[in-house]
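Down below is the structure, laid out as structure tokens.
There are 2 protein chains.
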Amino acid sequence: MPYRRTENVVRRLAARHAAIIAAARDAANEGGMAAVQIAPVARRAGIAAGTVYRYFPGKTDLVAALLTEVAEREIGALRRAADVAPGPLSALSAALMTFAARTLRQRRLVFAATTEPVDAEIDAARLDFRKALAAEFTRRISNAIAGGHLPEQDATLAAAALVGLFVDGLIGPLAPDASGREREVVQSLTLTALRALGVADARARGLVVQTRVSDQ
Amino acid sequence: MPYRRTENVVRRLAARHAAIIAAARDAANEGGMAAVQIAPVARRAGIAAGTVYRYFPGKTDLVAALLTEVAEREIGALRRAADVAPGPLSALSAALMTFAARTLRQRRLVFAATTEPVDAEIDAARLDFRKALAAEFTRRISNAIAGGHLPEQDATLAAAALVGLFVDGLIGPLAPDASGREREVVQSLTLTALRALGVADARARGLVVQTRVSDQ
DNA sequence: GCGTTGATTGAACCATGGTTCAGTCATTCG
DNA sequence: CGAATGACTGAACCATGGTTCAATCAACGC
């Protein structure tokens, strides 16, 4: 009874698993969720359609894995940006700007991950992303309120609304064309968001200075 | 060569046309765009599936007609609310509150009409709705800026962002449960929206007093 | 009534896209 | 090597849902 999975095989399997998710992510970023189809994703990953089913029980699970991966990556990025800020308000501001900047860079992917419905099962995974995102914002908003930097308000409601504000302002169907002036659009929308939270003079206070946005 | 369409027949055909759209609207408001399927809509309208095709060339056209109808109805409502307001800022406020209140009453329908993608062809019709909505907001915002009631800003960007703010804050997947406290949620979000536009003290100025929202 | 014309029906058709699986290939171990 | 085991393939399968159309029905004008 031979065939103990050798180290090499394990590595190859893991690599393929990742390659499938990466292929799905690329497809989503190019054509939205509608483009995440088994056959094309498989082709992109260099395997046959059937093989996908050796790695994921079904399409739903693949998409869920994709969304989880995207969520971790995005939320990690804004957490890192916020954590180096000097105070609660600038941490919040940094998180917002980072989200805005990254959203602009990966428009379709973020749209797919936050907004675009597919079916009831996948909705749950998308919800997790939004939840994590909103939770991150809620936490930062609450901190700022606690520190007296923002007026009392329903942080949860505000966070949910902010996600919508950014998504629609940046990559919604009516979002202005930002090419060549990304920085300006990101700053302007962050300013609007901060005003929405009750910061009257964000610009004067230097809260919306652009920092480098990590690539990872 | 008899059979000139008699008056009665014309009426019946028109009524059926309307009944199909109404059935589609009800379906959308109950189950989102996914529930707008030819067979169920036909059943709801009391006709056979094939008959739909005597009234609409295809599903796309039916959905487009539905969205057009919804757009007219909704935008009419907020225009009426704004037009009776005493000044530009309260007109803007009235439009926002009306949109919020009506959105809360027809959650799925508004979500379907603003956000839920279906396919490329239908997207165009949804875009028209959003455009009309955003245009209405843009106009009101510009008026308020011109009158010196709001700081200078990109009214188009702000309008697009506000649509997102409301949709996500009210009916997005993370929107708080508003049942029983609709008024409060509507006011709170309108307040947030006005703050986003640069109105620091909307509540003090009595801008978010609830008015009756028409039913039509 | 009755012929003519248009409206209606609903089952068959078709396209799309996820899923399965019998056959083939690759890797391990004695 | 060669037997055993698992991975891979891709064409066939299936479900869903829009669309078509031959048969049927209903209304009009004579």
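Residue numbers (the numbering used here), protein chains in the order written: chain A, 62 to 277; chain B, 62 to 277. Ideal placement from N, C-alpha and C gives every residue a C-beta, glycine not left out.
Exercise for review: Run down chain A in chain order and give the residues with a C-beta less than 8 Å from the C-beta of residue 233 (chain B).
Suggested key: Going along chain A in sequence order, the residues near residue 233 (chain B) (Cβ under 8 Å) are 191, 221, 224 and 225.
Exercise for review: For residue 96 (chain A), collect the residues of the same chain with a Cβ closer than 7 Å to its Cβ; drop the 5 residues on either side in sequence, then sort them by chain order.
Suggested key: Closer than 7 Å at the Cβ level, and outside the excluded window around residue 96 (chain A), lie 88 and 89.
Point to revise | Span of the alpha helix (DSSP H) around residue 169 (chain B) | key: In the DSSP assignment, residue 169 (chain B) falls within the alpha helix (DSSP H) that extends over 168 to 175.
Review point. When we look at the beta-carbon of residue 115 (chain B) and count the other beta-carbons within 10 Å, is it buried (16 or more) or exposed?
Key: It counts as exposed.
Check your understanding: Are residue 218 (chain A) and residue 188 (chain B) closer than 8 Å when you measure CB to CB?
Key -> If you check the CB distance, residue 218 (chain A) and residue 188 (chain B) do not come in under 8 Å.
Practice item. At 3 residues or longer, and completely inside the stretch 205 to 230 of chain A: list those beta strand (DSSP E) runs for me, N to C. Key: Listed in chain order, there is nothing to give.
Check your understanding: CB-CB under 6 Å to residue 80 (chain B), same chain, minus the five flanking residues each way: which ones, in chain order?
Key -> Cβ within range, chain order: 106.
Practice item. Tell me whether residue 258 (chain A) sits in a helix, a strand or coil according to DSSP, three-state version. Key: Per DSSP, reduced to three states, the secondary structure at residue 258 (chain A) is helical.
**Study point:** Option in B:143, B:163, B:182 and B:162 with minimal Cα separation from residue 126 (chain B)
**Key:** Nearest C-alpha to residue 126 (chain B): B:182.
Practice item. Answer with buried or exposed for residue 240 (chain A), where buried requires no fewer than 16 other C-beta atoms within 10 angstroms of its C-beta. Key: The residue is exposed, with fewer than 16 neighbouring Cβ atoms inside 10 Å.
**Study point:** As assigned by DSSP and simplified to three states, the class of residue 108 (chain B)
**Key:** Looking at residue 108 (chain B) - three-state DSSP - the assignment turns out to be coil, as it is neither helix nor strand.
Practice item. Assess, as a yes-or-no matter, whether the stretch 224 to 233 of chain A is touched by the stretch 206 to 226 of chain B under the definition of 3 or more beta carbon pairs within less than 8 Å. Key: Short answer: they touch.
Review point. With a Cβ-Cβ cutoff of 8 Å, do residue 153 (chain A) and residue 191 (chain A) count as a contact?
Key: Not in contact: residue 153 (chain A) and residue 191 (chain A) (Cβ atoms no closer than 8 Å).
Point to revise | CB contact below 8 Å: residue 256 (chain A) versus chain B | key: Yes, contact with chain B.
Point to revise | Neighbour flag for residue 228 (chain A) against chain B, beta carbons, 8 Å | key: So yes, residue 228 (chain A) belongs to the interface.
Review point. So residue 264 (chain B) packs on residue 252 (chain B), CB below 8 Å; how close in whole Å?
Key: Contact between residue 264 (chain B) and residue 252 (chain B) is confirmed by a C-beta separation of about 6 Å, below the 8 Å threshold.
Exercise for review: Quick one: which residues of the stretch 238 to 263 of chain A get their C-beta closer than 8 Å to a C-beta of chain B? List them in chain order.
Suggested key: Hits within the stretch, in order: 246, 249, 250, 253, 254, 256, 257, 258, 259 and 261.
Check your understanding: Looking only at its own chain, which residues have a Cβ that is under 8 Å from the Cβ of residue 164 (chain A), when we skip the five neighbours before and after it?
Key -> Closer than 8 Å at the Cβ level, and outside the excluded window around residue 164 (chain A), lie 171, 227, 228, 231 and 232.
Practice item. With 9 Å as the limit, tell me which residues of the stretch 84 to 108 of chain B have their beta carbon closer than that to any beta carbon of chain A; keep them in chain order. Key: Those would be 93, 94 and 95, in chain order.
**Study point:** Where residue 75 (chain B) falls, given that 16 or more other Cβ within 10 Å makes a residue buried
**Key:** Looking at its Cβ environment, which holds fewer than 16 other Cβ atoms inside 10 Å, residue 75 (chain B) is exposed.
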